[in-house]
Amino acid sequence: MNKKTVFSLYKKEMLDIFRDKKTMIIMVLVPLFLYPCMMLGMMLIMSNISKESLEKTYQVGIVQCVEAETIQQLLLDDKDKYEYFFEVSVYDSLQACEDALNAKEIDTFISVSETEDGRTSFEVGYFSSVADSVSASDYAEEILRGYRDGLRNDLIEEQFEDYEKVLNPIVVSNRNVATIEESTGSIFGYIIPFMLITSILMGAIYPAIDVTAGERERGTLETMMTLPIKSSEMMFSKFMAVSTIAVMSALLNLLSMFLVGIYMYNSMQLANTAFGDMNLLQFVPSVIALLVCMPIFAMFASAVCLSICIFAKSFKEANNYSTPILLVFMFASMAGMLPNLTLTTKTALIPIVNVALFIKAVFELQFDWTNIILVLVSNIVYSVAAVMLMSKLFSSEDVLFGEGFRGIKFLEKRSNMKENQMPGLGDTILMFGLLLLLMIYLSSSLVFRLGIWGTGLVQLIILAVPVFYAWYMKADFKKLFSLKSPKIKHIFGGISMWFGIWLLEQVVLVSLLEWFPGLMETSEALNSIIIDAGFVSAFIVVGICPAIAEEFAFRGFLFGTLKDKWKPWLAIVVSAVLFGAYHMNLLQFIGGTMMGIGLAYVAYKSGSIWVGALMHFINNGLSVVFQYYPELIMKIPILGEEVYSAGDMLILLGIGIVFTLLGILLLKREKNACN
């Protein structure tokens, strides 16, 4: 990679970005003006709402009774004690009060009845969907509780001389040992992670769209590809330009928040509040830590945005692709708002979430250097991985100049469709989107009503949707679903690879359970469903059905489409990750992704879906057998032990690698074999 070339391309990308006035407005105007206006505006609105609720006059209805005059006197006599006021109306019946409340003539009402043991009961009625009604009922209850407490104290005072000791035999109090800085930092820790992560992403999205889809629309990307420069140099210059803008956007947001914070601090000093005595210098290490973390996270966000936007053929299409990214980042950044979620060695490894918790921790003045280093290192690793993926995508002409996600052949008239065509990436997204919707709306209902056989019907849906989709668009079934007969050596290679990956899975999952023991609960819940079903039913539904349905969906339609559009390794990884995510829990995501890589690799090398179906059947069938007959696995050396030692793990790891390599060797295709 030529540094001079990269720097020249970097300057060109920066000039292109700064020529785009929309990007500059979003990058400069939003952080410097909109955020302060939003924050100050919200403060003023909340202050006015709070003040209005205290100074407001509420309409109260009282059902006519003996105590009506007492209640009226309580509400009106305490008007000097409270900042809110009541206007009282007396109604003849409870129904009349309820009608008046429904008609919004009153905000709340009080009715009186007698309990079974002869005590007087006051009931406060309100309208939960109306804020004034809720406030009025709360204030009325507060006054009535004061009246109740006064009566109780009078009764006790009549019986006991030292009634205070009877009322409160012990004294309970609390004392906040946190400093003003720590209390303020916890508030910052709730707000700043969300705003900073969102601002970094917003700063990365629009430049990423401009240097990918924008160049396509302007017709300059093709011109750039004809120049004597490497695709890696072009990619790296775009990556650095987008990262620069993302960091600049984050710094401007941080500056904006700092200025708002100074304004609030000065206001508190003028108001002589406790927060006015805060020592702002204690937050200097927090800001320094933030400045170190921000560029690293900005690089990760930039690489993710570029990796997605490179598939878009237009600015509008890129905006559509960026919406899910924004939702994921925003949702993950809300981790800082969860009170019991803290930065630990486990959460420090979760992308995006770790940055949110890192910001929260440093502003709470909690500097655990082990976790801080873990966050920084993990984000560097994720950034490098994202850059490597982006580099591969930029070097692929199918990605740069292919149809992308737009080619949806299913929407055409069937009579106009070509025979033996292959689905596009858009078809894959549409098909799996339809499948996901059916799974969400039908799976839980079917399983709840039909038990294990409901799961079988879900598998039937998983099989039917891709098969129907392929039939409707007149796809080449044999090519798409890899329906050719397998060779004997490929069958043995597939079985060998399954056994190797299965052993590697055990090592990874056991290690994972040591870190996250709570994941065992999910696994046990799934196992209980299998046990309750009966062996034959479970074997058919769990062992046989997924081996056919899931293979046709994932190694058939999904992998068959991706390998036709992308490089084989990328198609294998993407299909495996989606297969793991389909299982919807962390344990099965890890195991499913590992096995999915093996299944897709076998489908690619053997050219037959049936080898993967056999592997899938063995994997699921054995899990059912071991659930019903656990004594069988107990007889197997090492695997039958309750706790694996380090030596056991190394042995399983070694055997797993050997069998996986043996499978790869057996699956090696002849030079003249077709894909």
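Position in the sequence shown (first residue = 1) + 1149 = the working numbering. All C-beta atoms in this analysis are idealised placements derived from N, C-alpha and C, irrespective of residue type, glycine included.
Residue range of the unbroken beta strand (DSSP E) whose run includes residue i
i	result
residue 1210	1206-1212
residue 1785	From DSSP, residue 1785 is part of no beta strand (DSSP E); its letter is neither H nor E.
residue 1261	1257-1263
Nearest-angstrom Cβ-Cβ length linking residue i and residue j, presumed shorter than 8 Å
i	j	result
residue 1761	residue 1700	5 Å
residue 1684	residue 1703	So it is not a contact: roughly 27 Å between Cβ atoms.
residue 1801	residue 1655	6 Å
residue 1212	residue 1193	In fact, because the Cβ distance is near 40 Å, the residues do not count as touching under 8 Å.
residue 1694	residue 1608	4 Å
residue 1383	residue 1595	Rounded, the Cβ-Cβ distance is 50 Å, inconsistent with contact.
residue 1601	residue 1686	5 Å
residue 1623	residue 1566	5 Å
residue 1349	residue 1399	5 Å
residue 1527	residue 1505	The pair is not a contact, with the Cβ atoms about 13 Å apart (cut-off 8 Å).
residue 1574	residue 1714	6 Å
residue 1612	residue 1698	4 Å
residue 1736	residue 1658	6 Å
residue 1815	residue 1641	6 Å
N- and C-terminal bounds of the alpha helix (DSSP H) containing residue i
i	result
residue 1731	1717-1731
residue 1167	1152-1168
residue 1643	1637-1664
residue 1352	1329-1358
residue 1218	1217-1226
residue 1240	Taken as a continuous stretch (DSSP letters only), residue 1240 belongs to no alpha helix (DSSP H), being part of the beta strand (DSSP E) at 1234-1240.
residue 1273	No alpha helix (DSSP H) contains residue 1273, which is instead part of the beta strand (DSSP E) from 1269-1274.
residue 1747	1735-1755
residue 1709	1708-1714
residue 1362	Segment: none, residue 1362 is in no alpha helix (DSSP H) and carries neither H nor E.
residue 1633	Run containing residue 1633: none; DSSP gives neither H nor E here.
residue 1612	1601-1621
residue 1312	1312-1316
residue 1695	1694-1699
6 Å CB neighbourhood of residue i in its chain, flanking five on each side removed
i	result
residue 1114	A query on residue 1114 cannot be resolved here, the shown segment of the chain reaching from 1150 to 1824 and no further.
residue 1806	none
residue 1207	1235, 1256 and 1285
residue 1512	1334, 1337, 1338 and 1435
residue 1747	1646 and 1650
residue 1249	1210 and 1255
residue 1696	1762, 1765 and 1766
residue 1385	1155
residue 1813	none
residue 1587	1610
residue 1246	1210, 1212, 1240 and 1258
residue 1290	1273
residue 1260	1212, 1243 and 1272
residue 1353	1391, 1395, 1450, 1451 and 1454
residue 1510	1492
8 Å Cβ shell around residue i - same chain, five flanking residues per side excluded
i	result
residue 1823	Because residue 1823 carries a pLDDT of 42, less than 50, the predicted location of this residue cannot be relied on, and the following value inherits that uncertainty. If we look at residue 1823 and ignore the five residues flanking it on each side, its Cβ neighbours are 1756.
residue 1629	1571, 1572, 1619, 1705, 1706, 1709 and 1710
residue 1282	1250, 1256, 1257, 1275 and 1276
residue 1826	Residue 1826 lies beyond the residue range present for the chain, which begins at 1150 and ends at 1824; the question has no answer from this structure.
residue 1614	1580, 1583, 1584, 1587 and 1702
residue 1773	1679, 1684, 1687, 1688, 1691 and 1692
Close beta carbons around residue i, own chain, < 7 Å, minus the five adjacent residues each side
i	result
residue 1721	1746, 1749, 1750 and 1753
residue 1103	The structure shown does not extend to residue 1103, since the chain is modelled only from 1150 to 1824, so the question has no answer here.
residue 1723	1711
residue 1113	The displayed coordinates of the chain run from 1150 to 1824. Any statement about residue 1113 would go beyond what the structure contains.
residue 1664	1495
residue 1732	1738 and 1741
residue 1464	1358, 1362, 1363 and 1366
residue 1309	1315
Original post:
Is the segment 1621-1635 in contact with the segment 1752-1759, if contact means three or more CB pairs nearer than 8 Å?
Top reply: Taking a contact to require three or more Cβ pairs closer than 8 Å, the segment 1621-1635 and the segment 1752-1759 qualify as touching.
Original post:
When the Cβ atoms of the segment 1467-1483 are set against those of the segment 1514-1528, are three or more pairs found closer than 8 Å?
Top reply: No, the segment 1467-1483 is not in contact with the segment 1514-1528.
**OP:** Evaluate the contact criterion for the segment 1445-1463 versus the segment 1348-1359: three or more CB pairs, one atom per stretch, below 8 Å.
**Re:** A contact exists between the segment 1445-1463 and the segment 1348-1359.
Subject >> Inter-stretch contact (C-beta, 8 Å, three-pair minimum) for the segment 1384-1401 and the segment 1159-1169 >> reply: The answer is yes - the segment 1159-1169 touches the segment 1384-1401, with three or more Cβ pairs under 8 Å.
**OP:** Please confirm if the segment 1435-1445 is in contact with the segment 1395-1405, defined as three or more CB-CB distances below 8 Å between the two stretches.
**Re:** As far as the Cβ criterion goes, the segment 1435-1445 touches the segment 1395-1405, which means the pair count is three or higher.
Original post:
Between the segment 1484-1499 and the segment 1400-1415, do three or more beta carbon pairs fall short of 8 Å?
Top reply: Not touching, per the Cβ criterion.
Original post:
Which whole runs of the alpha helix (DSSP H) in the segment 1556-1598 are 4 residues long or more, in chain order?
Top reply: Residue ranges of uninterrupted alpha helix (DSSP H) with 4 or more members, entirely inside the segment 1556-1598 and ordered along the chain, are 1574-1587.
Original post:
So, do the segment 1209-1224 and the segment 1279-1298 have three or more beta carbon pairs nearer to each other than 8 Å?
Top reply: Touching, yes, given that three or more Cβ pairs across the two stretches are closer than 8 Å.
Original post:
Looking at C-beta atoms only, is the number of pairs between the segment 1304-1315 and the segment 1397-1410 that lie closer than 8 Å three or more?
Top reply: For the pair of segments examined, the segment 1304-1315 was found not to touch the segment 1397-1410: the number of CB pairs separated by less than 8 Å stays below three.
Subject >> Residue ranges of each beta strand (DSSP E) within the segment 1419-1506, 3 or longer >> reply: You should have found no qualifying run.
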